Structure formats: structure tokens, C-alpha cells
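Trainee:
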Amino acid sequence: MMDRQKGYKIYSQSKSVGMSPKDTVEFNIVFYGQKDYIFSFCTHAKLYPVHFVLIDPDSGDVLYDNAKDKYIESLGIGFDVTKSLTIKVDVVARKASEEEIEQYVGCIGLLIQYKNYSQKKVNLQM
Numbered sequence: 000m001m002d003r004q005k006g007y008k009i010y011s012q013s014k015s016v017g018m019s020p021k022d023t024v025e026f027n028i029v030f031y032g033q034k035d036y037i038f039s040f041c042t043h044a045k046l047y048p049v050h051f052v053l054i055d056p057d058s059g060d061v062l063y064d065n066a067k068d069k070y071i072e073s074l075g076i077g078f079d080v081t082k083s084l085t086i087k088v089d090v091v092a093r094k095a096s097e098e099e100i101e102q103y104v105g106c107i108g109l110l111i112q113y114k115n116y117s118q119k120k121v122n123l124q125m
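Following numbering that gives the first Met the number 0, the numbering of the sequence shown begins with 0 at its first residue and continues without gaps.
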């Protein structure tokens, strides 16, 4: 379930797409610097868990793979400088039968929320 987080705004590059368990989709998204982001995924119960990988489009390096964290559905990340990422998404469909995997198409949603880095005040004492 995707919930709005207090203090965060919905990022206009949030996505949704119809897909089957046999599909993989890629989203290319620009993340602006000096902001914290939360990625949250949702889909039909038969399609869970959602598998997502964050990839640096310049180098092709995998920066994060949620399979290493038992397919967590939400991830918080911050960027000091503006950065483009490719988010590669597929569904594992653990609760789907073989027939459903062959025939079922469901919707997957990616909610991206953001907030500016907090302004930290520094008190200097001399």
C-alpha cells in the first residue's frame, strides 16, 4: 500500500504501467539534488513482490537491488547533486498460477515523493 509521507510532496515523475509477470519495464527519471526521495511500489496481490533495480544509466552499474532486501516495497534515498537513474521493474508473482502468469496483466504503480534537504543551522561560538 502506498502512503503519502508527512512533509513530502508527490513528484511529477511518478509512474504507472500495465504489465504481466513476463514483462520488465524501465523508467528513466531525473532526480534533482538537495532532495530526499521515497520510492513506493504497488501492484495486484497476485503479482507481488515487486522487484526493482536502480541503475546508473551512464555506467550501467547496479546501485541498488531490492532482491537483496527481501523485496522491500519502499526505499528512501537522497541526492546531493542532480542525477539520472534507470529504474528497472518486474514482478515475481509468487501467488500466481502458471496459467495466470501466462495470461494475467495487472497494473504496477511507482509513487515518488520528495522533500528538500532540511536547512541545518550552525551555531558558531568563539
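Every residue, glycine too, gets a C-beta built ideally from N, C-alpha and C. These numbers come from a predicted model, not from an experiment.
DSSP three-state call for K69: helix, strand or coil?
Mentor: For this step, residue 69 is matched to residue 70 along the sequence shown. If DSSP states are grouped into helix, strand and coil, K69 belongs with coil.
Trainee: Rounded to a whole number of angstroms, what is the C-alpha to C-alpha distance between L74 and Y116?
Mentor: The residue given as residue 74 occupies position 75 in the sequence shown. The residue given as residue 116 occupies position 117 in the sequence shown. Roughly 17 Å separates the two Cα atoms.
Trainee: Can you list, in chain order, the stretches of the beta strand (DSSP E) that have 3 or more residues and sit fully within the region 28-106?
Mentor: Counting only runs of 3 or more, we get 34-42, 49-54, 61-64, 73-78 and 82-90.
Trainee: Going by the CB atoms, is the gap between T42 and C106 shorter than 8 Å?
Mentor: Taking the first residue of the sequence shown as position 1, residue 106 is located at position 107. Taking the first residue of the sequence shown as position 1, residue 42 is located at position 43. Against a cut-off of 8 Å, the Cβ pair of T42 and C106 comes out as a contact.
Trainee: Between the region 10-22 and the region 56-74, are three or more C-beta pairs nearer than 8 Å?
Mentor: Output reads no: the region 56-74 does not touch the region 10-22.
Trainee: So which of F26, P20, F30 and K21 has the shortest CA-CA distance to Y10?
Mentor: Within the sequence shown, residue 10 is the residue found at index 11, counting from 1. Looking at the Cα atoms, F30 is the closest of the given residues.
Trainee: For the beta strand (DSSP E) holding G17, just list the boundary residues, first then last.
Mentor: Your numbering for residue 17 matches position 18 in the sequence shown. K14 to M18 is the span of the beta strand (DSSP E), which, as asked, contains G17.
Trainee: For G32 versus T85, is the C-beta distance shorter than 8 Å?
Mentor: Numbered from 1 along the sequence shown, position 33 holds the residue referred to as residue 32. Numbered from 1 along the sequence shown, position 86 holds the residue referred to as residue 85. For G32 and T85, no; Cβs fall outside 8 Å.
Trainee: Tell me the rounded alpha-carbon separation between G55 and E25.
Mentor: Taking the sequence shown and counting its residues from 1, one reaches residue 55 at position 56. Taking the sequence shown and counting its residues from 1, one reaches residue 25 at position 26. According to the sequence shown, residue 55 is Asp rather than Gly. If I take the Cα positions, the gap works out to 12 Å.
Trainee: Please name the residue, chosen from F51, D57, A44 and F78, that lies closest to D68 on a Cα-to-Cα basis.
Mentor: By one-based count along the sequence shown, residue 68 stands at place 69. Measuring from the Cα of D68, the nearest candidate turns out to be F51.
Trainee: Taking Cβ to Cβ, would you say V90 is nearer than 8 Å to P20?
Mentor: Along the sequence shown, read from residue 1 onward, the residue named residue 90 stands at position 91. Along the sequence shown, read from residue 1 onward, the residue named residue 20 stands at position 21. Yes, the pair counts as a contact, with Cβ atoms nearer than the cut-off.
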